[in-house]
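Working notes for the structure below.
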Amino acid sequence: MYKYNVSNHIEKVKNEVAKLLEGDNSGHGLEHINRVLDLSLKFAEKENANKYIVSLIALLHDADDYKLFGRENAEKLTNAKIIMDDCNVDKAIQEQVCDAINNIGYSKRLKGHSPTTLEGKIVSDVDMCDALGANGILRVYTYSMKNGKPFFDRNIFPIEDMNAEKYTRKCADSSVCHIFEKILKLKDLMLTDSGKEESKNRHQIVVDFLYHLFNEENAPEWIEYLNNYLK
């Protein structure tokens, strides 16, 4: 199908992404990228998607994340384009990859945008799945600590009318607030059958964790809040 060695391209892109994200401790580093790549390829097998394009989207989807590289990079996808050019990725493929990346992310969904291709939908689902489950909880904790926010403050409740402007303007007041404002909503944003199936168990892990946390913190008002939230 392609006139070049696909595996060599993927390996080169992976090496460049590793350099770009080296030392990241925000929860968007190489460990996250590798998990997204691995699960995306499993989804691609189930959904009969193009694994080469899926791999490129998965590897590059955070290469210009606004939280790491600023708004200008996020709009222009500067790093992703440089890496693909340096690795001689075909221009037509680059366009597909960039179009998918431009529509991946919770802030994009709040604006009503989502990927249109199967490959983009797969990586979008997997990226959100990685924000759920045990690793998702660890990532929330890591990002909040990096930004000097508490994990749980019983006196601060989540923003209930979250929108794109509020989400991108400020960091959540606590990890628990972030879980309510974003993480618990992800299950209902899945675009593929594989994503819908995978997200169910991961969602429940987060819910169970919150119940245990609020019980141990002797915070019945938060248990009530969670019960009402889940209705």
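Numbering-wise, the working numbering puts 187 at position 126 of the sequence shown, and it's gapless, one number per residue.
Glycine included, each C-beta is placed from N, C-alpha and C at the ideal position.
Under three-state DSSP, which class holds residue i?
i, result
"Leu252", "coil"
"Arg170", "helix"
"Cys238", "helix"
"Asn313", "Nothing in the structure corresponds to residue 313, since the chain is present only between 62 and 292."
"Cys190", "helix"
"Asp214", "coil"
"Thr203", "helix"
"Ala17", "Here the chain has residues from 62 to 292 only, and residue 17 is not among them."
"Asp125", "coil"
"Gly181", "helix"
"Gly84", "coil"
"Ser175", "coil"
"Gly197", "helix"
"Asn37", "Because the chain here runs from 62 to 292, residue 37 falls outside it and cannot be looked at."
"Lys243", "coil"
"Ile266", "helix"
"Lys64", "In this prediction, Lys64 has a pLDDT of 48, which is less than 50 and means its spatial position is unreliable; what the coordinates show is noted afterwards. In the structure shown, Lys64 sits in coil (DSSP, three-state: anything other than H, G, I, E or B)."
"Ile118", "helix"
How far does the alpha helix (DSSP H) with residue i in it extend, from its first residue to its last?
i, result
"Leu81", "Val67 to Leu81"
"Ser101", "Leu91 to Glu108"
"Asp160", "Lys152 to Ile162"
"Glu221", "No alpha helix (DSSP H) holds Glu221; DSSP gives it neither H nor E."
Count the other CB atoms within 10 Å of the CB of residue i; is the residue buried (16 or more) or exposed (fewer)?
i, result
"Leu81", "buried"
"Ile217", "exposed"
"Lys207", "exposed"
"Lys64", "For Lys64, the pLDDT reaches just 48, beneath the cut-off of 50, and the residue's location in the model is therefore unreliable, leaving the point undetermined."
"Tyr204", "buried"
"Asn288", "exposed"
Are any of the Cβ atoms in chain C nearer than 8 Å to that of residue i?
i, result
"Lys75", "Of the protein chains in the structure, only one exists, and it is not chain C."
Consider the C-beta atom of residue i and the heavy atoms of the ligand PLP; say whether any pair is separated by less than 7 Å.
i, result
"Lys80", "For the ligand PLP, the structure offers nothing, since it holds no ligand at all."
* Tell me, please, whether the segment 125 to 132 touches the segment 273 to 283 by the rule of three or more beta-carbon pairs shorter than 8 Å. => no
* Asked: Between the segment 141 to 159 and the segment 115 to 122, do at least 3 Cβ pairs fall closer than 8 Å?
  -> They touch, by the three-pair rule.
* Asked: Does the segment 159 to 175 touch the segment 95 to 107, meaning 3 or more C-beta pairs lie closer than 8 Å?
  -> In the pairwise beta carbon analysis, the segment 95 to 107 is classified as not touching the segment 159 to 175: fewer than three pairs are separated by under 8 Å.
* Evaluate the contact criterion for the segment 168 to 186 versus the segment 194 to 201: three or more CB pairs, one atom per stretch, below 8 Å. => Taking 8 Å as the limit for Cβ pairs, the verdict is that the segment 194 to 201 does not touch the segment 168 to 186.
* Asked: Taking contact to mean at least 3 C-beta pairs separated by less than 8 Å, is the segment 244 to 252 in contact with the segment 180 to 197?
  -> yes
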